[in-house]
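Report on the following structure.
Residue numbers (our numbering): 242 to 321.
As C-alpha cells, this is what we get:
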C-alpha cells in the first residue's frame, strides 16, 4: 500500500510553514499596492480571526465530547 500517516501536530506545522512562507513574500507587495486602507483591513481581519478563535474555544470548552468541526456543527444545529 505505501500509506504514510503523520500526526496532527506535524500536519498543522507543515500548513503554517507553507502559509507563512507565502505570506512573507505576498503581504509587503499587497500592502504597498493597496495603500493605507489595506493596513486597516489587515488589522481588522486579524482581530476578526482572533475573536473567532475565542468563540471556537468557548464552544469547545462547553462540551468536552466535541472534538471536531462536524461535532461542533451537530451540537449547534442538530443532526440532519
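Note that CB positions come from ideal geometry on N, CA and C, so glycine has one too.
What is the DSSP secondary structure of residue i, reduced to helix, strand or coil?
i           : result
residue 308 : coil
residue 263 : helix
residue 294 : helix
residue 250 : helix
residue 376 : No answer is possible for residue 376: it lies beyond the span of the chain, which begins at 242 and ends at 321.
When you compare the CB positions of residue i and residue j, do they come within less than 7 Å of one another, or not?
i           : j           : result
residue 320 : residue 307 : no
residue 279 : residue 272 : yes
Using CA atoms only, rank isn't needed, just tell me which of the options is closest to residue i.
i           : options            : result
residue 299 : 289, 288, 286, 313 : 313
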